[in-house]
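All remarks here apply to the structure that follows.
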Amino acid sequence: MRDYLIRATAMEGKVRAFAVRSTGIVDEISRRHQMTPTTTAALGRTISAGLMMGAMLKGEEKLTIMIKGGGPIGQIVVDANALGEVRGYVTDPLVDLPLNEVGKLDVAGAVGTDGFLNVVKDLGLKKPYSGSVPLISGELGEDFTYYFARSEQTPSAVGLGVLVGVDHAVSSAGGFIIQLLPGLKDDEITLIESLLSRIEPVTTLLEKGLGLEQILQRIVPNVEVLEEMDVHFRCNCSRERVEQTLISLGREELEQMAEEDGKAEIVCHFCNEQYLFEEEDLKNIINQL
Ligand code: ZN
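Following this line, the structure appears as C-alpha cells:
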C-alpha cells in the first residue's frame, strides 16, 4: 500500500484537516538506521507530523522540526517540504526501553519532557520563521497539539501513531491533524471533541484497512478532500554535496586526513548513506583548491 496524504476541509470550511499514511517511509528510515521499536515510534510520529505540516506549506517552502527533551534518544530532527518529501534521524537510534505502564512503546521515556519542540520554516523570506514550545508530554501528539495552540494560535487536535511488529518491521504508521478555524459554534466544537474522545488509535484504523478520508470522517462531519498527494522518503545528500563539505574544511585539514587516515568516510546523518573518499580523491580535491 502506498504512502499518501490528504488535505481536506470539513463543516463548511470551518475545520481544516490533514491525514497521512507513512508506513513505508517510517519502515525505510527505521531500517536505514537499524532503529529499535521505541526510537522508530518516536521518529515515526514526528515524520507523520512533519509530512502534514509540510502539506500546509506551498511551492518551495520547507520546514525542520527539532525535538530535544533530555531523554536518552537525544535529538529528533525531521525535514519536510510542500512536495511530500521527508527525511529524519534521532541522535541515538539504538535506545530501547521496556513498554510503559499501559503496555505501549515508551516514547515519552525515550524523548524526555525537559526540553523543547522547535519548528523552523523556510518560507523563502530573508529570515526563517521559528516557533518553539516546551514539551508537555513527550508522547509527541500532545506536544504538537500544544505547539499549534501556543505558537500558531490554531486550536488543533493531533493524532500520531506507529505500530511496530515483532520482527521490528513497521506494520502501520500515520496520523491526523484537525484544526478549528474561526466561526465554529460551541455545539460544533463539542461534537468534534466528543468524536475525538471516542476515536480509536490511528494505527488501529489503518490496520483495519480504512482509507485516510474514512479516518477523517470518523472525527469530523462533512469531510471534503481538497488534495491527495503521494509522500516519499527523500534525502538530498549527494557525493557532490559531501565534497563541498570537505572543501570547506580547508587545505590543511584535508592534507592531514590524506596523510594520517589515507581516506575520509562521511556518513549522512539523515539517511545513513556512506560516502568514501580515498587518498587519491582527497588529493584531487586538494589540487583544486
Ligand atoms: Zn542523506
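Residue numbers (our numbering): 13 to 301. The C-beta atom is built at its ideal place from N, Cα and C for all residues, glycine as well.
Whether Thr76 touches Gln87 by CB criterion (8 Å): no
Give every residue of the same chain whose Cβ lies closer than 6 Å to the Cβ of Pro105, excluding the five residues on either side of it in the sequence, and list them in chain order. His45, Met47 and Thr51
Other residues of its chain near Thr215: CB distance less than 6 Å, five sequence neighbours each side excluded: Gly173, Leu175 and Ser184
Beta strand (DSSP E) containing Ala29: first to last residue? Val27 to Arg33
Is Phe289 near the ligand ZN, going by C-beta to nearest heavy atom under 7 Å? no
With contact counted as at least three CB pairs below 8 Å, one residue from each stretch, are the segment 23–38 and the segment 231–239 in contact? yes
Is there at least one non-hydrogen atom of the ligand ZN closer than 7 Å to the beta-carbon of Phe160? no
Can you list, in chain order, the residues of its chain whose CB lies under 6 Å from that of Phe156, leaving out five sequence neighbours each side? Ala61 and Val170
Of all the options Lys295, His281 and Met241, which has the alpha carbon lying nearest to the alpha carbon of Glu264? Lys295
Taking DSSP's pairing of strands, which residues face Arg19 in a bridge? Phe30 and Glu239
Delimiting residues of the alpha helix (DSSP H) encompassing Ala181: Careful: Ala181 lies outside any alpha helix (DSSP H) and carries neither H nor E.
For the ligand ZN, residues whose Cβ lies under 6 Å from any non-hydrogen atom: Cys247, Cys249, Cys280, Phe282, Cys283 and Glu285
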